[in-house]
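Each number in our numbering corresponds to the 1-based position in the sequence shown with 549 added. Where a beta carbon is used, it is the ideal one built from N, C-alpha and C, also for glycine.
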Amino acid sequence: MIVVCSTSSILCNAIISAAGSQVKHIFDQQSSNGTLTFETSGGNLSCMQIAFRPWTCDKYQPQNLKQSIDTFISSVITYALRHNITTLAFPSIGCGQRGYDPKLIAEYMIDEAYRQLKSSVHPQLIISFVLLPGQQSIYDAFSDRLNAIKIIEDKPTSISFDKQ
Numbered sequence: 550m551i552v553v554c555s556t557s558s559i560l561c562n563a564i565i566s567a568a569g570s571q572v573k574h575i576f577d578q579q580s581s582n583g584t585l586t587f588e589t590s591g592g593n594l595s596c597m598q599i600a601f602r603p604w605t606c607d608k609y610q611p612q613n614l615k616q617s618i619d620t621f622i623s624s625v626i627t628y629a630l631r632h633n634i635t636t637l638a639f640p641s642i643g644c645g646q647r648g649y650d651p652k653l654i655a656e657y658m659i660d661e662a663y664r665q666l667k668s669s670v671h672p673q674l675i676i677s678f679v680l681l682p683g684q685q686s687i688y689d690a691f692s693d694r695l696n697a698i699k700i701i702e703d704k705p706t707s708i709s710f711d712k713q
């Protein structure tokens, strides 16, 4: 399952364009109804499903950043566990147009995924973080945080990230 931030027009447009007209039709229909949390088939993509989830955080209220990321990550993991989905691919949210520090985003996203995996009874859940080419600072932040997690005892071994 690919996770898309439904409040990011750049990410949404790229995924919807690649997924094809069926996914675009569903997205347009849901958006016109004000629905930002929904799932579709993968369309032309090689995934089974696409999960659209909203994510926003007021730049002037950074104290809410961690909670907003935790909610974004946990809502998708909860859905995946309920529907026996075994693979999730998250984007790095907040590092582009929003301008948040990639180290902070990486810490919050990876830590919440780690916490969810550690408390889960789903042994086969694989979580990836997909990063775009040319985002070296974001790649470095996620790599550094993932390496820091690796030293923690009883770590889950199914968190990874892919630089596309």
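(Q) Suppose contacts are defined by Cβ-Cβ distances below 8 Å. Is residue 586 in contact with residue 601 by that definition? (A) yes
Q: Could you please give the first and the last residue of the uninterrupted beta strand (DSSP E) stretch that includes residue 598?
A: 598-602
Q) Are residue 654 and residue 644 close, meaning C-beta to C-beta below 8 Å? A) yes
Q. Do you know offhand how far residue 668's Cα is from residue 630's?
A. 12 Å
Q | Three-state class that DSSP yields for residue 642 in the structure shown | A | coil
Q. What three-state label does DSSP hand residue 675 in the structure shown?
A. strand
Q: Take residue 646 as the anchor and find which of 664, 558 and 674 has the nearest alpha-carbon.
A: 558
Q | Alpha-carbon spacing of residue 681 relative to residue 690, whole angstroms | A | 13 Å
Q. In this structure, does DSSP put residue 704 in helix, strand or coil?
A. Annotation note: pLDDT 48 at residue 704 (below 50); position unreliable, no value reported.
**Q.** Burial state of residue 683 (16 or more Cβ within 10 Å)
**A.** exposed
Q: Report yes if the C-beta distance between residue 622 and residue 662 is below 8 Å; otherwise report no.
A: yes
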